[in-house]
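Under the working numbering, the first residue of the sequence shown is numbered 18, with each subsequent residue one higher.
Backbone N, C-alpha and C fix where the C-beta goes; we use that ideal spot for every residue, glycine too.
No experiment lies behind these values; they were computed from the predicted model shown.
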Amino acid sequence: MGKPTVTVVVPVLNEEEFLEETLRSLRAQTFTDFELLVVDNGSTDRSPEIARGFTDRVL
18 MGKPTVTVVV
28 PVLNEEEFLE
38 ETLRSLRAQT
48 FTDFELLVVD
58 NGSTDRSPEI
68 ARGFTDRVL
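Structure below.
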């Protein structure tokens with residue numbers, strides 16, 4: 018499989034309340050040729066933990 022044609026970047030700062038729903042929605046898309054990149058900007062809530070449940074690449 019080649020490199021994905023689209024990168025979806027999700028910037029996060031203390032978005033625990035909405036992050037799981039957002040990532041579930043992205044995962045449910047019919048278009049699948051994309052990579053998901055979550056960029057955390059120093060969250061103090063569970064945002065990084067939630068993101069790691071969906072992807073190994075959390076910046």
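Within 10 angstroms of its Cβ, does Ala-68 collect 16 or more other Cβ (buried), or is it exposed?
buried
Can you tell me the Cα-Cα spacing of Thr-24 and Ser-64, whole angstroms?
If you take the alpha carbons of Thr-24 and Ser-64, they lie about 20 angstroms apart.
Does the beta carbon of Thr-72 sit closer than 8 angstroms to a beta carbon anywhere in chain B?
The structure shown contains no chain B; it is built from a single protein chain.
According to DSSP, is Phe-51 helix, strand or coil?
strand
From the DSSP output, which residues share a beta bridge with Pro-28?
Val-56
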